[in-house]
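Below is one structure, written out as C-alpha cells; comments come after it.
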Amino acid sequence: GSATFSNWSGCDAASGVICALTLNAARSVTAAYSAGLLSQSITFGSAPSISVGGTGSVSATASSALPVTFSSATTVICTVSGSIVTGVAAGTCIIAANQAGNGSYGPATQVTQSFSITTGDYTQTIEKLYVAYFGRPGNPSGLTYWTDELVAGNGSSVILQNMFTAFSLSAEYLALHAGQTTEQLVN
C-alpha cells in the first residue's frame, strides 16, 4: 500500500523545499528532501543623463544581494563596461541587467532600463563660430541648419570641418575680411 504524510516539519511550498517520504516493506520511514533554488528579482536605480560622447553610471540591485551585471541591447546608441554607460549616438539606450544565481538562488529574470542619449548643446558652439567668423550672432535658419547637421552626424569633426569651410568661403566672410592677412584675421 501507500501512505500520505502531510504537515511534515520543514516541507512547504513557500520555501521551495520539496519533501519525499517512502515507506519500505519493514514499515520504517525514510525521509529525503531537496531544497529548490530561491527566486530573486532585480531593481534598477535612477536612469543616468548622458549625451553623445559622455558617460554615466547605471545601478541595479538583486533581492538576493548577489552582484548584477549589465549589457547594452542597443550598442549603436550606447555601450556599457561594468556599470559605466557611454553615449555613442543620439537615441534610446537600453541597458539589460542580469543576475545568474548561485547555489541558493536561481537566475533572476532579466530587466531592462531605457533612457535617452541626447545630442548635447551644439547651439552655443555654433553661435561662437558665427561671432568669430562674422562678428555677429547666428541667424535662426543658420543655427537650425548647422545644429541639425551636427545632430545627424553625432557631432562629427567632419561636420565641423564642413562648417568651417562653408563659413570661410561664404560671400559674407570674404567681403568682411577682404584683403586681410592671416595675422590680421587671427588678431
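Basically my numbering = 1-based index in the sequence shown + 21. Backbone N, C-alpha and C fix where the C-beta goes; we use that ideal spot for every residue, glycine too. Here the structure is a predicted model, which is why all the values come from computation and not from measurement.
#### Entry: Short Cβ contact (8 Å threshold) for residue 180 with residue 118
no
### Task
Name the two residues that bound the continuous beta strand (DSSP E) containing residue 108.
Taken as a continuous stretch (DSSP letters only), the beta strand (DSSP E) holding residue 108 covers 105-108.
### Task
Report the rounded CA-to-CA distance for residue 53 versus residue 88, giving the unit in angstroms.
Below a pLDDT of 50, predicted positions are generally treated as unreliable, and residue 53, at 49, falls in that range; the measurement from the model is reported next regardless. Between residue 53 and residue 88, the C-alpha separation is close to 32 Å.
### Task
Hey, could you find the ends of the beta strand (DSSP E) residue 160 is sitting in?
Premise fails: residue 160 is in no beta strand (DSSP E) and is neither H nor E.
### Task
Output yes or no for whether 8 Å exceeds the beta carbon distance between residue 76 and residue 107.
yes
### Query
Can you tell me whether residue 138 is buried or exposed, with buried defined as 16 or more other CB within 10 angstroms of its CB?
buried
### Task
Rounded to whole angstroms, what's the CA-CA distance from residue 168 to residue 178? Just pull it up for me.
Going from the Cα of residue 168 to the Cα of residue 178 covers about 13 Å.
### Task
Go to residue 146, then tell me how far its alpha helix (DSSP H) extends in each direction, as first and last residue.
144-155
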